[in-house]
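Q: Top to bottom, those sequences are chains F and L.
Numbered per my numbering, the first sequence spans residues 130 to 351.
Numbered per my numbering, the second sequence spans residues 6 to 304.
Built from N, CA and C at the ideal position, the CB exists for glycine as well.
Dumping the structure here so I can ask a few things about it.
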Amino acid sequence: MKCRMMDSRLDAFLDGALPPLERRSVEAHLAQCARCRAEAEGLKRIIARARALPPSVQPPRDLWPAVEAEMNRAVVESLPLRRDAGRFAWRLASRPVLAAAALLLVALSSLVTWNITRAGRTAAAVASAPLVAGAATLVELHGIERDYQLAAADLAATLDARRASLDPATVAVVEADLRLIDQAIREARAALIADPANEDLGHMLSTAYRHKLALLQQATRL
Amino acid sequence: MRLLVQTRRLLSLAVLACGVAAPLSAQRKVQRRIAVDGDASIRLWNNFGSIRVVGWDRDSLVVTATLGRAAEGGLRFGGQGQFAKMYVDAPTDGRADAAAQIEVHVPRRSRVWVKSMTADIEVVGVVGAVDANSVSGRMRISGALRELNAETMDGEVEIDGTATVLRAKTASGGIRLRGGGDDVGLTTVSGALFISGEKFQGARVESVTGDIHFDGRLDRNGSFTFESHSGAIDLAFPPEMPALIEIRSFAGEIHNQYTKASPTPGPTGRGRQLTVASELGGASVSVRSFKGVVTLRRR
Chain F
130 MKCRMMDSRL DAFLDGALPP LERRSVEAHL AQCARCRAEA EGLKRIIARA RALPPSVQPP
190 RDLWPAVEAE MNRAVVESLP LRRDAGRFAW RLASRPVLAA AALLLVALSS LVTWNITRAG
250 RTAAAVASAP LVAGAATLVE LHGIERDYQL AAADLAATLD ARRASLDPAT VAVVEADLRL
310 IDQAIREARA ALIADPANED LGHMLSTAYR HKLALLQQAT RL
Chain L
6 MRLLVQTRRL LSLAVLACGV AAPLSAQRKV QRRIAVDGDA SIRLWNNFGS IRVVGWDRDS
66 LVVTATLGRA AEGGLRFGGQ GQFAKMYVDA PTDGRADAAA QIEVHVPRRS RVWVKSMTAD
126 IEVVGVVGAV DANSVSGRMR ISGALRELNA ETMDGEVEID GTATVLRAKT ASGGIRLRGG
186 GDDVGLTTVS GALFISGEKF QGARVESVTG DIHFDGRLDR NGSFTFESHS GAIDLAFPPE
246 MPALIEIRSF AGEIHNQYTK ASPTPGPTGR GRQLTVASEL GGASVSVRSF KGVVTLRRR
């Protein structure tokens, strides 16, 4: 395994979610690569700190107002622009928003993966008491979804503010794909509630969230 | 004498006809050359029409543009040496004559950023890095690149060749990759993914509803993930390929035409799973589906 292939695998490795063969090849690489080892250690520390947080993890409150303010500012700034200049000027105005959203996407993605995986483990550990496991998962799921919905709603509002300057055909594509993703989220969510010990479902729900935020981000960059 | 008069009349009519017709089909051809470094960063932007980027063995950027009437005078250039840019400043109100056909020659090793709205994008012969973005234009990229990032909403992406790091993302456009890469990431919401080739060292392929088709060989030390919510996943591998293949589906069927093994119930009693392992280890392949059909077969 090479260094550049480690980026997408370290999270899953530290969560113990990698298949055996892949885990061994990551271990072999870490044994011989100081740089990746240092990165893994850094991630371990972040995860340890995250685990010390309360069960319902919320995004840092000192970060969110700034993100929100930037988004609001970008929307306000985009309004007076001429239609033919809007596309480019909006891009300039929204760079901080996109950076903040990207940061949030990464944070949320990690949080969702970690929290849901943890929820699955919690449920597995108390498999003999399914009602308790289900309740614990639901509480954590609710917290995760609230954070995700905040991020998605703000990106969607930003997109809405630009709707008039976008090609209707493009808006239709985005909306159709958002409906598909929402359907996938609903299905994965319902399945996870019914089968809370299933880590694959947690992963799929996390992936669907990631797809939605990524699509909204991609659309707001147009 | 009469013949001379008639000839003059015909010539006058021809000139007049050209004068009338010219504005209707007016297209201005422009050529511009900029000296740039062999590994320069180059930004290109043409919203409508087409843009073709050709890598060549010279330290210069040459733009040949045919501009529609509304785009006339809108060709802009900047920079030289380590950085250069070209863009077409044309109205974005959907006028047909805002289109421009652009061909740009760039040094092979350059880093190229190219963007369009509906313009088709083609890149050939670049070995450096390419970052291509379009709203709905079609993309065709070929060659052996160091890095490739291709992103579109509903345009089709077609890649012929390899990239050390390769990323392609669409909303509803399809992605077709023939070739390979060390680290490949392909993502779509509802487009179809067709992947084939012999040179894959690692890949992550994801869709929400789009079908995934893979027909190729995986590096024995590589790690590969195929994931879809409801799209079909069809994987064709060479017989006896060294690999550990783990397939899990929550509500979809798993068809195994690769070995004689049958799917079993999932780890929590729901869904299906199938594991195919060769004796000598090999590539690690993880397949996840929520409700799409997964088919594993021999090439």
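1. Could I get the ranges of all uninterrupted alpha helix (DSSP H) runs contained in the stretch 259-335 of chain F, with 4 residues as the minimum, in chain order?
2. Consult DSSP for L/R143 and reduce its assignment to one of helix, strand or coil.
3. Following the continuous alpha helix (DSSP H) through L/E161, name the residue where it begins and the one where it ends.
4. Within its chain, find whatever has a CB closer than 7 Å to the CB of F/L311; leave out the 5 residues flanking it on each side and keep chain order.
5. Give the straight-line distance between the Cα atoms of L/M158 and F/G145, rounded to the nearest whole angstrom.
6. According to DSSP, is L/Y92 part of a helix, a strand, or is it coil?
7. Here's the rule I'm using: 16 or more other beta-carbon atoms within 10 Å means buried, otherwise exposed. How should F/A160 be labelled?
8. Leaving out five residues on either side along the sequence, give the residues of the same chain with a beta carbon under 8 Å from the beta carbon of F/D306.
9. Near L/E307, what residues of its chain come up, given a Cβ to Cβ distance below 6 Å and the 5 sequence neighbours on each side ignored?
10. Kindly list the residues whose CB is nearer than 6 Å to the CB of L/K204, restricted to its own chain and excluding five residues on each side of it in sequence; keep chain order.
11. So what's L/R57 in DSSP terms, helix, strand or just coil?
12. So, helix, strand or coil for F/G171, using DSSP?
13. Are the C-beta of L/N226 and some C-beta of chain F separated by less than 8 Å?
14. For L/R37, which residues from the same chain have a beta carbon less than 7 Å from its beta carbon, with the 5 sequence-adjacent residues on both sides left out?
15. Shortest alpha-carbon distance to L/L171 belongs to which of L/R151, L/R302, L/L279?
16. Starting from the C-beta of L/S195, find all residues in its chain whose C-beta is less than 6 Å away, skip the five residues before and the five after it, and write them out in chain order.
17. Where does L/V119 sit, in a helix, a strand or coil, going by DSSP?
18. I'd like the list of long-range same chain contacts for L/T230, defined as Cβ closer than 6 Å, with 5 residues on each side in sequence excluded.
19. Roughly how many angstroms lie between the CA atoms of L/M144 and F/L295, to the nearest whole one?
20. At what residues does the beta strand (DSSP E) containing L/S294 begin and finish?
21. Contact between the stretch 322-337 of chain F and the stretch 270-277 of chain L is defined here as three or more beta-carbon pairs at a separation below 8 Å; is this criterion met?
22. Between F/E151 and L/S289, is the Cβ-Cβ spacing less than 8 Å?
23. Closer than 7 Å by beta-carbon distance: list the chain L residues that pair up with F/T336, in chain order.
24. Taking Cβ positions, are F/L330 and L/F255 nearer each other than 8 Å?
A: In short, the structure shows the following:
1. 259-290, 297-323
2. Here residue 143 of chain L refers to the residue found at position 138 when the second sequence is read from its first residue. In this structure, L/R143 counts as coil in the three-state DSSP scheme.
3. Locating residue 161 of chain L in the second sequence gives position 156, counting from the first residue. No alpha helix (DSSP H) contains L/E161, which DSSP labels as neither H nor E.
4. Sequence index remark: in the first sequence, residue 311 of chain F carries index 182 (1-based). Just to set this straight, residue 311 of chain F is Asp in the shown sequence, not Leu. Counting only Cβ-Cβ distances below 7 Å, and skipping sequence neighbours, we find nothing.
5. Locating residue 158 of chain L in the second sequence gives position 153, where the first residue counts as 1. Locating residue 145 of chain F in the first sequence gives position 16, where the first residue counts as 1. Approximately 35 Å between the Cα atoms of the pair.
6. The sequence position of residue 92 of chain L within the second sequence is 87, counting from 1. Note: L/Y92 maps to strand in three-state DSSP.
7. The residue given as residue 160 of chain F occupies position 31 in the first sequence. Exposed is the call here.
8. The residue given as residue 306 of chain F occupies position 177 in the first sequence. Excluding positions up to five away in sequence, the list reads L344.
9. The question about residue 307 of chain L has no answer here: the residues shown for chain L are numbered 6 through 304.
10. Working through the second sequence from its first residue, we reach residue 204 of chain L at position 199. The answer, listed in chain order, is T167, G185.
11. Within the second sequence, residue 57 of chain L is the residue found at index 52, counting from 1. L/R57 falls in the strand class under three-state DSSP.
12. By one-based count along the first sequence, residue 171 of chain F stands at place 42. Helix, per DSSP.
13. Stepping through the second sequence from its first residue, residue 226 of chain L is reached at position 221. Yes, contact with chain F.
14. As a working note, residue 37 of chain L is residue 32 in the second sequence. Correct list, in chain order: V68, F82.
15. Taking the first residue of the second sequence as 1, we reach residue 171 of chain L at position 166. Considering only alpha carbons, the answer is L/R151.
16. Walking along the second sequence from the start, residue 195 of chain L turns up at place 190. Only S177, T214, G215 meet the Cβ criterion.
17. Residue mapping note: residue 119 of chain L aligns to position 114 of the second sequence, counting from 1. In the structure shown, L/V119 sits in a strand (DSSP, three-state: E or B).
18. Stepping through the second sequence from its first residue, residue 230 of chain L is reached at position 225. Only R209, S291 meet the Cβ criterion.
19. Locating residue 144 of chain L in the second sequence gives position 139, where the first residue counts as 1. Locating residue 295 of chain F in the first sequence gives position 166, where the first residue counts as 1. Going by the C-alpha atoms only, they are around 21 Å apart.
20. Residue 294 of chain L sits at position 289 when you count from the first residue of the second sequence. Residues 288-294.
21. yes
22. Start at 1 with the first residue of the first sequence, and residue 151 of chain F comes out as number 22. Start at 1 with the first residue of the second sequence, and residue 289 of chain L comes out as number 284. Result yes, Cβ atoms of F/E151 and L/S289 sit closer than 8 Å.
23. The count along the first sequence starts at 1 and reaches residue 336 of chain F at position 207. Within chain L, the residues near F/T336 are E211, E232.
24. Taking the first residue of the first sequence as position 1, residue 330 of chain F is located at position 201. Taking the first residue of the second sequence as position 1, residue 255 of chain L is located at position 250. Yes, Cβ-Cβ distance for F/L330 and L/F255 is below 8 Å.
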